[in-house]
Amino acid sequence: MTLHKKPGLFETPEGDIIVEELKRMSASPSFLTGASYAANSDLYPENSMSFVQKHVAYLRAHPATDPQQYLSNLRLMTRVS
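Counting in the working numbering, the final residue of the sequence shown is number 79, and the numbers go up one at a time with none missing.
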């Protein structure tokens, strides 16, 4: 019997769509999407984490989070009035 690992979210077409949406938000002046401080200087040598990296890392760390709901909330929180 062979065990197969379930693919992670970012190894699926849905994950690709989520990354593209995060990139679109990051490129848009309609959203506040600046880089964030990252304490792990091994992963982020300049201690800076892009908007996309930050939210992909969050979704990877919290697999029970509904990605569509997360994106919807993120749009509301980062939209420029």
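Here a beta-carbon is modelled for each residue, glycine too, at the ideal position from N, C-alpha and C.
None of the values given here were measured: they were computed from a predicted structure.
Cutoff 7 Å; reference residue i; Cβ partners in own chain excluding five residues on either side
| i | result |
| --- | --- |
| S34 | M47, K52 |
| G13 | L7 |
Close Cβ partners of residue i (< 8 Å) along its chain, the five nearest in sequence each way excluded
| i | result |
| --- | --- |
| A37 | N45 |
| S39 | N45 |
| K21 | V50 |
| S24 | T31, S48, F49, V50 |
| L81 | Look at the range of the chain in this structure, -1 to 79, and you will see that residue 81 is not part of it. |
| P27 | V78 |
Whole-Å CB distance - residue i paired with residue j, under 8 Å assumed
| i | j | result |
| --- | --- | --- |
| F8 | R73 | Actually they do not touch by this definition, with Cβ atoms about 19 Å apart. |
| F29 | T76 | 4 Å |
Residue i - partner residues in DSSP beta bridges
| i | result |
| --- | --- |
| S46 | Y35 |
| R77 | F29 |
Inter-residue spacing [alpha-carbon to alpha-carbon] between residue i and residue j
| i | j | result |
| --- | --- | --- |
| I16 | P65 | 8 Å |
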